[in-house]
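Just so we're aligned: the sequence shown equals residues 56 to 640 in the working numbering.
C-beta atoms are modelled at their ideal positions from N, C-alpha and C, and glycine is treated no differently.
To start, the structure itself, in structure tokens.
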Amino acid sequence: MFELLITMTERIGIIVTIAFIVTRLRFFRTMLSQDKLSSVQRLQAVLVFGVLGIVGTYTGITVSTESLAVNKWMLQVSEEEAIANSRVVGIAMAGLFGGWKIGLGAGLVAGLHRFTLGGFTSLACGLATMLAGILASLFRKKNEQISVSAALVLGALAESLQMLIILLLSRPFDQALNLVAFIGVPMIVANGIGCALFLLIIRSVVNEEQKAAAQQAQTSLRIARKTLGYMRQGMKPESAEAVCRILFEEVKASAIAMTDDRVILAHIGIGDDHHAPGRPLQTEVTRHVIEKGELLIVDRHQIQCQMRDCPLGAAIVGPLKQGGETVGTLKFYFPSKKDITHVTTELMSGLSMLLSYQLEAAQLAEAKELAREAEIKTLQAQIHPHFLFNALNTILSLTRIDAVKARKLLRSLSDYIRQNLSAAAVEKATLQEELQHIRSYMSIEETRFEDKLAISYEVEESALNAIVPPLTMQPLVENCIRHGFRNKTDDCIIRIRITGKPSSGVTVTIKDNGEGIPAERLRQLGLQMMQSTSGTGMAVFNVNRRLTLMYGGSASLKIKSKESEGTEVVFHIPPAPSAADDKFR
Numbered sequence: 056m057f058e059l060l061i062t063m064t065e066r067i068g069i070i071v072t073i074a075f076i077v078t079r080l081r082f083f084r085t086m087l088s089q090d091k092l093s094s095v096q097r098l099q100a101v102l103v104f105g106v107l108g109i110v111g112t113y114t115g116i117t118v119s120t121e122s123l124a125v126n127k128w129m130l131q132v133s134e135e136e137a138i139a140n141s142r143v144v145g146i147a148m149a150g151l152f153g154g155w156k157i158g159l160g161a162g163l164v165a166g167l168h169r170f171t172l173g174g175f176t177s178l179a180c181g182l183a184t185m186l187a188g189i190l191a192s193l194f195r196k197k198n199e200q201i202s203v204s205a206a207l208v209l210g211a212l213a214e215s216l217q218m219l220i221i222l223l224l225s226r227p228f229d230q231a232l233n234l235v236a237f238i239g240v241p242m243i244v245a246n247g248i249g250c251a252l253f254l255l256i257i258r259s260v261v262n263e264e265q266k267a268a269a270q271q272a273q274t275s276l277r278i279a280r281k282t283l284g285y286m287r288q289g290m291k292p293e294s295a296e297a298v299c300r301i302l303f304e305e306v307k308a309s310a311i312a313m314t315d316d317r318v319i320l321a322h323i324g325i326g327d328d329h330h331a332p333g334r335p336l337q338t339e340v341t342r343h344v345i346e347k348g349e350l351l352i353v354d355r356h357q358i359q360c361q362m363r364d365c366p367l368g369a370a371i372v373g374p375l376k377q378g379g380e381t382v383g384t385l386k387f388y389f390p391s392k393k394d395i396t397h398v399t400t401e402l403m404s405g406l407s408m409l410l411s412y413q414l415e416a417a418q419l420a421e422a423k424e425l426a427r428e429a430e431i432k433t434l435q436a437q438i439h440p441h442f443l444f445n446a447l448n449t450i451l452s453l454t455r456i457d458a459v460k461a462r463k464l465l466r467s468l469s470d471y472i473r474q475n476l477s478a479a480a481v482e483k484a485t486l487q488e489e490l491q492h493i494r495s496y497m498s499i500e501e502t503r504f505e506d507k508l509a510i511s512y513e514v515e516e517s518a519l520n521a522i523v524p525p526l527t528m529q530p531l532v533e534n535c536i537r538h539g540f541r542n543k544t545d546d547c548i549i550r551i552r553i554t555g556k557p558s559s560g561v562t563v564t565i566k567d568n569g570e571g572i573p574a575e576r577l578r579q580l581g582l583q584m585m586q587s588t589s590g591t592g593m594a595v596f597n598v599n600r601r602l603t604l605m606y607g608g609s610a611s612l613k614i615k616s617k618e619s620e621g622t623e624v625v626f627h628i629p630p631a632p633s634a635a636d637d638k639f640r
């Protein structure tokens, strides 16, 4: 018995070697990582594990049921012989990783094969093989790792089941009992060890892949952090060169290059003497990647370098996309195609997507900036025509009767226009700057309306350093005059109140005693632009949108109004983060 155990353990080495090969197959790795397999993948698994079971049969040892004589190589099986084998290892693993369907399928393949070989235990072993796949599936736990001890127990149980079925089905019973007594313990121990070793190999492969994936993720994140600032500048030679230098330090390649859809933007590494930036695209491969948007791996011939002794023997070319279109390529060059590993290909695939996302982000940031400028220019266009003509007419009428006042008003108009034009060039303004803008505007309007219009200020100096988007307050004050006082001939009063301080929050209130706003219009004001004879609400909509983009919903405009009583517009600037807060962010 001990000699049989040693021989069986040696044969397990063959199964373990085959297990190592199986773990290199793509479908097997997919089966490990996916909860659900396609019909084709299931069929592949059944065939592979079934063949693994057949190999376990052929590497077995024939045992005579009469004399218990052992033949270490199974050449043929007579009616009085049985096979001590490791067939159950492959079938148990099929059920353990693929579930009962794959376990039963593999068991049918290997079990039917065993039945056709004949021998004293052909029926019992064939049936036991099928049942082993179902038994193994009971040990399977989704989303949980299987322990080595569980695999060891599974192999031992599956083989014990086979011994029991031999006793139940094989006749004469005395020979079956002698056979089980002789081969039972060696087969139970050897197959238990075989299942445990198979699982250890699978774990080592999975851990190896996870380690490689973690390293690749770290590399990608490091590259993302370093390249983000440059890719936001778009596809330019300067930014492309900086990105290629970063990639050259991180990727073990002979050279790194980047192109747009017309020329080489940058080339870092060997071959830079003739793969020079600024040159037109030289290869059909690059054009193909731009046209199809697909990653390609090419050899020296396909690179089509014009330099005869070019040291660049192979390349991976990945597409760079923006707005759904391929706008350029990223290239990794190597001495030969054999230097391009699966890890390198996956890294290129990930990096081309990463850089494409950064280009998309740059495009969105640019679009946001253009939209911001367009919003401010819309406000400026809304302000300029009527106000400018009225202001100039007022100044013109004063030049003869009060030259000093006309000169003062002209200075206010100059300050107002300068501040209005500069708003498109900045993203933020202080309440101090906004208030000065209003003072320049109101000095002109108060002169135009003489004693009919007045404005009062209740301002805490501590609040004036708070930050808001430019052109936030002036459009709201202008709305008071254009809409609130449209039909009012006297006693037009605007009150501006600013309280608080940036560290604890600032509240701005603009109130008039004008006509007020109808209730149905008030519900929509600031949330959308509206069509009416009195205006579109564009100024309020833009101001509200820019405040919420900067500070969130808590900074949105709060508008209260009653017809014939006036309107009050309030917004709140949340507390600015302290220096200590910034330090820990």
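Assign residue i to one of three DSSP states: helix, strand, or coil.
i           : result
residue 218 : helix
residue 419 : helix
residue 131 : coil
residue 520 : coil
residue 547 : strand
residue 340 : helix
residue 200 : coil
residue 470 : helix
residue 353 : strand
residue 194 : coil
residue 322 : strand
residue 313 : strand
residue 385 : strand
residue 530 : helix
residue 117 : strand
residue 624 : strand
residue 508 : strand
Using alpha carbons as the reference points, say which of the options lies closest to residue i.
i           : options               : result
residue 492 : 461, 529, 520 and 505 : 529
residue 295 : 411, 445 and 573      : 411
residue 352 : 363, 361 and 339      : 339
residue 497 : 510, 348 and 488      : 510
residue 115 : 144, 272 and 138      : 138
residue 624 : 576, 570, 555 and 532 : 532
residue 512 : 279, 526 and 490      : 490
residue 543 : 363, 620 and 576      : 620
residue 105 : 72, 163 and 133       : 163
residue 570 : 617, 599 and 303      : 617
residue 593 : 628, 548, 563 and 527 : 527
residue 506 : 548, 610 and 361      : 548
residue 75  : 129, 550 and 260      : 260
residue 78  : 95, 132 and 152       : 152
residue 191 : 476, 219, 336 and 161 : 161
One question on the structure: do residue i and residue j come within less than 7 angstroms of each other, judged by their Cβ atoms?
i           : j           : result
residue 315 : residue 383 : yes
residue 254 : residue 203 : yes
residue 389 : residue 369 : yes
residue 175 : residue 120 : yes
residue 179 : residue 221 : yes
residue 403 : residue 371 : yes
residue 158 : residue 165 : no
residue 282 : residue 298 : yes
residue 70  : residue 144 : yes
residue 247 : residue 205 : no
residue 450 : residue 461 : yes
residue 465 : residue 519 : no
Can you tell me the Cβ-Cβ gap for residue i and residue j, rounded? I've got them flagged as a contact below 8 angstroms.
i           : j           : result
residue 141 : residue 66  : 6 angstroms
residue 287 : residue 413 : 7 angstroms
residue 112 : residue 168 : 7 angstroms
residue 345 : residue 374 : 7 angstroms
residue 170 : residue 154 : In fact, because the Cβ distance is near 24 angstroms, the residues do not count as touching under 8 angstroms.
Take the Cβ of residue i as the centre, count every other Cβ of all protein chains shown within 10 Å, and call the residue buried at 16 or more, exposed below.
i           : result
residue 474 : buried
residue 559 : exposed
residue 534 : buried
residue 304 : exposed
residue 525 : buried
residue 322 : buried
residue 99  : buried
residue 523 : buried
residue 626 : buried
residue 601 : buried
residue 658 : This structure gives no information on residue 658, because the portion of the chain shown stretches from 56 to 640.
Should residue i be listed as close to the ligand GTP, given that the test is whether its C-beta is under 6 angstroms from any heavy atom?
i           : result
residue 366 : Absent from the structure shown: the ligand GTP. Ligands present: none.
Check whether the Cβ of residue i lies closer than 7 angstroms to any Cβ atom in chain C.
i           : result
residue 447 : Here there is only one protein chain, and chain C is not present.
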